[in-house]
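> Here you go, one structure.
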Amino acid sequence: MGLNLCSFFQIELRYAAQTDALQPPHEFVPWVVVNGKPLYDDYKNFEAYICKAYDGELPKACEGILLEIPQEKIGNKESQACRKNEMIRSSPIAKDHEAKINMLI
Numbered sequence: 001m002g003l004n005l006c007s008f009f010q011i012e013l014r015y016a017a018q019t020d021a022l023q024p025p026h027e028f029v030p031w032v033v034v035n036g037k038p039l040y041d042d043y044k045n046f047e048a049y050i051c052k053a054y055d056g057e058l059p060k061a062c063e064g065i066l067l068e069i070p071q072e073k074i075g076n077k078e079s080q081a082c083r084k085n086e087m088i089r090s091s092p093i094a095k096d097h098e099a100k101i102n103m104l105i
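Here it is as structure tokens:
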């Protein structure tokens, strides 16, 4: 069973709608939210945020994980994330569909 181009377009539209509906609205890629609070560019530390937010007996995966501001974040104010308005549509399918949409507009 193969997927046709139309199926890919529908999947992209569905994911785009889910992304646009995020609360709080996404500002970065990747956009990680734990308990409704965005991690902004500290997304690499998501495990610590999840373990801290976990209500109940912590699983073994959380042992030894501390929520700290990483040293590189203190010394480097430049974000490693990509801002929403700086994103580039790179997939060939996205480019093809964007061209078709622009022709219709």
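Numbering-wise, the UniProt record's numbering puts 78 at position 78 of the sequence shown, and it's gapless, one number per residue. Here a beta-carbon is modelled for each residue, glycine too, at the ideal position from N, C-alpha and C.
1) Let me check understanding here. Comparing Cα to Cα, which of Ile11, Lys44 and Tyr49 lies closest to Gly36?
2) Express the C-alpha separation of Asn45 and residue 147 in angstroms, rounding to a whole number.
3) Reducing DSSP to helix, strand and coil, say where Leu5 ends up.
4) Per DSSP, Ala37 is paired with what?
5) In terms of residues, what are the limits of the alpha helix (DSSP H) holding Ala48?
6) CA-CA distance, Pro25 and Tyr43?
In terms of the structure at hand:
1) Measuring from the Cα of Gly36, the nearest candidate turns out to be Tyr49.
2) Since the first residue shown for the chain is 1 and the last is 105, residue 147 is missing from the structure and cannot be characterised.
3) Annotated three-state conformation of Leu5 is helix, per DSSP.
4) According to the sequence shown, residue 37 is Lys rather than Ala. Answer by DSSP bridge pairing, in chain order: Val34.
5) According to the DSSP assignment, Ala48 belongs to the alpha helix (DSSP H) that extends over Phe46 to Ala53.
6) The straight-line gap from Cα to Cα measures roughly 16 Å.
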